[in-house]
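Worksheet: the structure to be examined is printed underneath.
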Amino acid sequence: MASRTRLRPLALGALAVCALALSACGGSDDDGGASTKGDGELTTVKVGIIPVSNLTYLLIGDEQGFFREEGMKIETSMSDGGAAVVPKVVSGEEDIGYSNIPSLMLAVDKGLPLQVIADPGGGEAKEGADEDDIIAKVVVTRDSPIRDAKDLEGKTIAVNTLNNVADVTTKAALAKRGADPAKVRFLEVPFPDMLPALEAGRVDAAFLVTPFLQQAMGQGARAILRPYYEVKPGFANTAYFTTRAWAEEHPELVAGFQRAVNRSVAYAAEHPEAVRETLPELTRMPEEVVRRIPLGGIDAAFDRETFETLNELMVEYGGMEKPVDIDAFVHEGAMREPGGAT
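The structure is reproduced here in structure tokens:
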């Protein structure tokens with residue numbers, strides 16, 4: 247087995263993130279950008295990652311040699327959340343980063359020149375999936391009087407970040423179920439603190455994702471909404487991104503990265519055991535916890551409909567002034583059909 251991509255020590259942080267850093271754009275060889283080697287040698291590409299399950303696909307693909315075959319040496323650096331990744335990419339400290347798409351849309355809305363370049367794989371389960379494979383749910387305690395979406399009117403829901411993917415998709419799911427999102431209060435609470443807040447009655451419901459969701463359900467919590475799934479089965483809300491300047495300066499690296507990532511996702515879909523073997527290293531979770539984590543939609547839909555849906559939701563519920571220009575925001579080679587092909 248090839249040597250593991252280098253990981254720095256980490257503490258498990260939020261699984262969904264907000265990124266609104268306002269810094270100058272960079273990315274040259276002198277300021278920490280990709281270092282181009284001579285013919286036949288590998289080019290180092292610095293990738294900012296966070297401890298979430300679908301980033302195992304990148305590590306697995308690196309072990310399989312997919313990036314080396316594209317002439318790249320992947321060097322990862324770990325952050326607790328994407329809010330810390332975006333400024334590193336914008337400043338040129340890292341070449342490529344990982345974040346959720348609504349955060350990147352908000353950053354573009356604020357004037358940052360970011361571009362989505364690849365689908366990391368992973369996301370919500372596809373239509374017809376088992377209930378246990380759905381990775382994001384709004385839950386209440388076992389003895390809560392809340393039974394349906396309408397009962398959430400006048401109540402408080404904990405979300406990890408306001409005006410982002412959690413509350414935006416929850417509002418859309420509420421409206422779809424006939425409830426008025428304007429009558430629901432959202433409170434920002436870190437994921438690890440949500441279950442204690444719910445049990446103490448500080449909030450009435452909580453938007454939880456894997457693995458916190460499984461912990462809550464194991465303690466008797468009941469699901470009221472499935473926001474990602476109800477917005478779009480196969481919903482994919484994360485991406486690899488860079489600055490538009492870096493993408494324009496390194497077209498061959500971007501294309502090679504896309505091909506290697508696509509191969510990595512396809513390999514992970516065919517070898518879920520490799521994902522579970524890699525999860526403990528990435529997340530620092532015990533193996534007995536990892537075994538219970540649903541892998542969701544490894545090959546989730548990363549298509550134009552995803553970006554159009556998020557554009558609409560972020561303008562309606564997320565505080566964006568206007569939709570982002572999808573053609574400028576998403577690199578032409580980023581869209582990936584199921585199975586790993588672009």
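Residue numbers (the working numbering): 247 to 588.
No residue lacks a Cβ here, since even glycine has one placed at the ideal position from N, Cα and C.
* Asked: From Asn-483 to Leu-358, what does the alpha carbon distance come to, in whole angstroms?
  -> 19 Å
* To do: Give the range of the beta strand (DSSP E) segment to which Lys-292 is assigned.
  => 289–295
* To do: Look up Val-384 in the DSSP assignment and say whether it is helix, strand or coil.
  => strand
* Just the C-alpha distance for Leu-301 and Ala-580, rounded to the nearest angstrom, thanks. => 17 Å
* Asked: For Ile-306, which of helix, strand or coil comes out of DSSP?
  -> helix
* To do: Give a yes or no on whether the C-beta atoms belonging to Thr-322 and Lys-292 are separated by under 9 Å.
  => yes
* To do: Can you check the stretch 419–503 for any beta strand (DSSP E) of at least 3 residues that lies completely inside it and give the ranges in chain order?
  => 431–434, 451–455, 468–471, 484–489
* Pull up the CB-CB distance for Val-362 and His-577, whole angstroms please, since I reckon it's below 8 Å. => 6 Å
* Asked: Among Val-535, Ala-515, Lys-478, which one has its Cα closest to the Cα of Asp-545?
  -> Ala-515
* **Candidates Met-440, Asp-365, Leu-408, of which the one nearest Ser-510 by Cα** => Asp-365
* To do: Return the chain-ordered list of same chain residues with a C-beta closer than 6 Å to the C-beta of Ala-469, the five sequence neighbours on each side being excluded.
  => Lys-383, Val-385
* For Pro-479, I'd like the list of residues in its chain whose CB is within less than 6 Å of its CB, leaving aside the five on either flank, ordered along the chain. => Lys-372, Glu-373
* Nearest-angstrom Cα distance between Val-477 and Gly-286? -> 46 Å
* Anyone know if the C-beta pair for Thr-488 and Val-500 falls short of 9 Å? -> yes
* **Pick from Ala-574, Glu-399, Ile-539, Gly-565 that is closest to Asp-378, judged by C-alpha positions** => Ile-539
* Nearest to Ile-381 by alpha carbon, out of Ile-572, Leu-459, Arg-490, Ala-574? -> Leu-459
* Asked: According to DSSP, is Gly-327 helix, strand or coil?
  -> coil
* **Beta-carbon proximity check, Phe-503 vs Met-318, cutoff 9 Å** => yes
* Can you tell me whether Asp-571 is buried or exposed, with buried defined as 16 or more other CB within 10 angstroms of its CB? -> exposed
* At which residues does the beta strand (DSSP E) containing Val-298 begin and terminate? -> No beta strand (DSSP E) contains Val-298, which DSSP labels as neither H nor E.
* To do: Below 8 Å CB to CB, which residues in the same chain sit around Leu-420 once its five sequence neighbours on both sides are set aside?
  => Ala-395, Leu-398, Asp-426, Pro-427, Val-430, Leu-471
* To do: Specify the secondary structure class of Leu-407 as computed by DSSP and reduced to three states.
  => Contrary to the premise, residue 407 reads as Thr rather than Leu in this sequence. Note: Thr-407 maps to coil in three-state DSSP.
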